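The block underneath contains the structure these notes are about, expressed in structure tokens.
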Ligand SMILES: *[C@@H]1O[C@H](CO)[C@@H](O)[C@H](O)[C@H]1NC(C)=O
Ligand SMILES: *[C@@H]1O[C@H](CO)[C@@H](O)[C@H](O)[C@H]1NC(C)=O
Ligand SMILES: [Zn+2]
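Numbering (the numbering used here), first residue to last: 2 to 628.
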């Protein structure tokens, strides 16, 4: 600004000091109730009186309008087309879709959002669909620990009550608790589960089964098809985990006994599909005949980053979710009750356990896509409905930053490192294992279609022939370059991967290599206690879940939305009678000490067990752990 112009402003500024003083005097007088000296009469005086009166009236109007608005907000939620509403709840026909992003914490969102912006060149205000539907956060502790597992987490959703880690819709006193899905079924709703892990894993199990410990997956499979005190409560299941439904006399079984659960399911009326061809026959739902059991993998459906290369073998989460929505919609067309559907992005959690940021961002994107499809469905459908989504807990203690050296770190992490990777650490570990076992599959010939064992145990090294370690190292270099986009592997890293006696499974080593290069941090191969996000299709419909809540309130909201109080009491009573009648349908008993709250007892573990000397997280890393 030219110097000469500066004074202009001050010259023309009115001398406001006087008027400020005056209004302060007036305010004082109002507050103290003391009479003000009349200073001047005439037009100016009356003008001020008039302005003052106007200000008082305007303020009063604003307050009245605000009170009216708030009252209206409290007594009625937005009423989308079609529904009858009372006390913030619809009273007519309605659907509830509950989505679980297993193991997805707030950092998973930051990581995925930045990853997508970077690799697709989107602007910094580009966000995920999830980001646009955030309404609150959930506290996740269980009755037995500040850090929950998925079983206690899902019991909070299904029963609306806290229980111990490992509990499948069973309370700390080992009484079974009726679930929102069972109560919905009793009330006349149709019900469904869609997952990418085993159908017998903790999250889906908690909606339609009751066992004392989550490991009882054989029992869970039986209950899910209707060997259950309430009979069949599920109309539709789509996911993985076929192995617990097949008798131990069959290839691909992981049952301890020779019970044919698929056979049982068929006897109870289920239609069964078990492969991509069968899935395609469902025609995205219009070809579905309920009840339907669809199991498309022995155990887990591969991570999305790998699955997209095997699209001819496995359906995606989004495809399964859309199929379920259409099938349940069509089947309830002529009913006065809608449906309850649970859709889980199950393997965000597994990517967290594996500390694999590549697998994780693609799992979150796949979940975001399915979330978006559910929103589209609700928008299209003329039946009232709500989508509520949340996580049971965070996994991995993920951090969108990592200090790699002594020097104070620069503020960066590198999504492009993740973008250069085309495979999960789990998949590369399968390939390495098979190569070492002499199958000599060339890198990235993804001939490994079905992971033979769980991701946690399957990828420990098997003995290698020491003769061709040079060939092995070259194979590993190729694998790293083509599978992870890593061309700067150190000799030490290659040697560890080639060393079959390394205490860490190869998948952990691959994941650690990519995490360090991207400067992404992890604090554990297990879960963490951080609050997780709550999402909804419409913040008005899910109003009680706005803000910070206990995870049990999410379960309570679902029961209230569907008005299931009476049914919940009835099914809980019947389940309890079933439990009292014995016959062990809830699986093995459980010691009290396993159920109790272990609380805050530091026992000097640090001194007793020492640390891994690699400076990275994890114990020996290979013991089977609980998701
Ligand atoms: C299969 O299950 C039956 C019990 O149902 C058991 O007797 C048998 O040993 C099992 N076979 C195998 C190979 O595990
Ligand atoms: C990604 O891969 C390309 C091609 O191999 C390479 O030029 C680039 O440096 C890689 N980027 C990162 C971040 O590793
Ligand atoms: Zn987990």
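Cβ coordinates follow ideal geometry from the N, Cα and C atoms, glycine included. Please read all numbers here as calculations on a predicted model, not as lab measurements.
Inset, instruction - Please work out which residues of its chain come closer than 6 angstroms, Cβ to Cβ, to residue 240, disregarding the five sequence neighbours upstream and downstream, and give them in chain order. - result: So the qualifying residues of the chain are 196 and 200.
Legend entry - According to DSSP, residues forming a beta bridge with residue 537: In the DSSP output, where bridge partners are listed per residue, residue 537 has 389.
Inset, instruction - Consult DSSP for residue 346 and reduce its assignment to one of helix, strand or coil. - result: Residue 346: strand per DSSP, three-state reduction.
Inset, instruction - Counting only runs of 4+ residues fully inside the segment 252-310, write out the alpha helix (DSSP H) ranges in chain order. - result: Counting only unbroken stretches of 4 or more residues, the alpha helix (DSSP H) elements lying wholly within the segment 252-310 are 262-268, 277-282 and 305-308, in sequence order.
Inset, instruction - Look at residue 345 and residue 103 and say whether their C-beta atoms are less than 8 angstroms apart. - result: Inclusion of residue 345 and residue 103 in the CB contact set at 8 angstroms is warranted, their separation being smaller than that value.
Legend entry - C-alpha gap between residue 496 and residue 244, whole angstroms: The alpha-carbon of residue 496 is positioned some 35 angstroms away from that of residue 244.
Inset, instruction - Quick one: using the 10 Å Cβ neighbour count with 16 as the cut-off for buried, is residue 1 buried or exposed? - result: There is no way to answer for residue 1, as the model of the chain reaches only from 2 to 628.
Inset, instruction - Tell whether a beta-carbon distance below 8 angstroms holds between residue 319 and residue 360. - result: Residue 319 is not a Cβ neighbour of residue 360, given a cutoff of 8 angstroms.
Inset, instruction - Using alpha carbons as the reference points, say which of 357, 330 and 349 lies closest to residue 378. - result: Nearest C-alpha to residue 378: 330.
Inset, instruction - Quick one: give me the first and last residue of the alpha helix (DSSP H) that residue 515 is part of. - result: For residue 515, the uninterrupted alpha helix (DSSP H) segment begins and ends at 507-519.
Inset, instruction - Measure the Cβ-Cβ separation of residue 281 and residue 297 and say whether it is below 8 angstroms. - result: With respect to the 8 angstroms criterion, residue 281 and residue 297 are not classified as neighbours on the basis of their beta carbons.
Legend entry - Nearest neighbour of residue 507, chosen from 412, 558 and 355 [CA to CA]: Of the candidates 412, 558 and 355, the one whose C-alpha sits nearest the C-alpha of residue 507 is 355.
Inset, instruction - Could you tell me if the beta carbon of residue 151 falls within a distance shorter than 7 angstroms of some heavy atom in ligand 3? - result: Look at residue 151: its beta carbon is less than 7 angstroms from one of the heavy atoms in ligand 3.
Inset, instruction - Identify, in the order they occur along the chain, each residue of the same chain with its Cβ nearer than 7 angstroms to the Cβ of residue 185, setting aside the five sequence neighbours on each side. - result: 192, 341, 563 and 565.
Legend entry - As assigned by DSSP and simplified to three states, the class of residue 177: The answer is strand: DSSP assigns residue 177 an E or B state.
Legend entry - Where residue 547 falls: helix, strand or coil (DSSP): DSSP, reduced to helix, strand and coil, places residue 547 outside both helices and strands of the structure shown, so it counts as coil.
Inset, instruction - Quickly, what does DSSP pair residue 1 with across the bridge? List them, please. - result: Limits of the chain in this structure are 2 at one end and 628 at the other, which puts residue 1 out of reach.
Inset, instruction - Take residue 138 and list the residues in its own chain whose beta-carbon comes closer than 7 angstroms to its own, dropping the five residues that flank it on each side. - result: Excluding sequence neighbours, residue 138 sits near 532, 533, 534, 535 and 549.
Inset, instruction - Give a yes or no on whether the C-beta atoms belonging to residue 421 and residue 522 are separated by under 8 angstroms. - result: Result no, Cβ atoms of residue 421 and residue 522 do not sit closer than 8 angstroms.
Inset, instruction - Determine the burial state of residue 610: buried for a count of at least 16 other Cβ atoms within 10 Å of its Cβ, exposed for fewer. - result: That one is exposed.
Inset, instruction - Please find out if some non-hydrogen atom of ligand 1 comes closer than 7 angstroms to the beta-carbon of residue 606. - result: Set against 7 angstroms, the gap from the CB of residue 606 to the closest heavy atom of ligand 1 is not smaller.
Inset, instruction - Check residue 587 in the structure and name its three-state DSSP category. - result: Per DSSP, reduced to three states, the secondary structure at residue 587 is coil, with no helix or strand assignment.
Inset, instruction - Express the C-alpha separation of residue 264 and residue 519 in angstroms, rounding to a whole number. - result: Using only the alpha carbons, I get a separation of about 48 angstroms.
Inset, instruction - Could you name the residues that DSSP lists as bridge partners for residue 96? - result: Beta-bridge pairing by DSSP links residue 96 to 386.
Legend entry - residue 582, buried or exposed, once every other Cβ within 10 Å from all chains shown has been counted against 16: Classification of residue 582: exposed, given that the 10 Å Cβ count is below 16.
Legend entry - Rounded separation between residue 254 and residue 294 - CA only: Pairing residue 254 with residue 294, the inter-Cα distance amounts to about 17 angstroms.
Legend entry - Beta-carbon proximity of residue 470 to residue 499, cut-off 8 angstroms: The answer is yes: Cβ separation under 8 angstroms.
Inset, instruction - Taking 8 angstroms as the cut-off, decide whether the C-beta atoms of residue 423 and residue 484 are in contact. - result: Yes, the pair counts as a contact, with Cβ atoms nearer than the cut-off.
Inset, instruction - May I ask which residues mark the beginning and end of the alpha helix (DSSP H) holding residue 136? - result: No alpha helix (DSSP H) contains residue 136, which is instead part of the beta strand (DSSP E) from 135-140.
Inset, instruction - May I ask whether a heavy atom of ligand 2 can be found less than 7 angstroms away from the beta carbon of residue 271? - result: Not one heavy atom of ligand 2 falls within 7 angstroms of the beta-carbon of residue 271.
Legend entry - Local Cβ density within 10 Å of residue 48, reported as buried at 16 or more and exposed below that: Exposed is the call here.
Legend entry - Given residue 394 as reference, the closest of 135, 309, 150 and 98 once Cα atoms are compared: Ranking 135, 309, 150 and 98 by Cα distance to residue 394 puts 150 first.
Inset, instruction - Mind reading off the beta-carbon distance from residue 237 to residue 291? Whole number of angstroms is fine, and I expect it under 8 angstroms. - result: A Cβ-Cβ distance of about 6 angstroms is found for the pair residue 237 and residue 291, placing them in contact under the 8 angstroms criterion.
Legend entry - heavy atom of ligand 1 below 7 angstroms from residue 219 C-beta: Flag unset: Cβ of residue 219 not near ligand 1.
Legend entry - Start and end residues, beta strand (DSSP E) containing residue 200: Careful: residue 200 lies outside any beta strand (DSSP E) and carries neither H nor E.
Legend entry - Check: residue 486 C-beta below 7 angstroms from any heavy atom of ligand 2: Indeed, a heavy atom of ligand 2 lies less than 7 angstroms from the Cβ.
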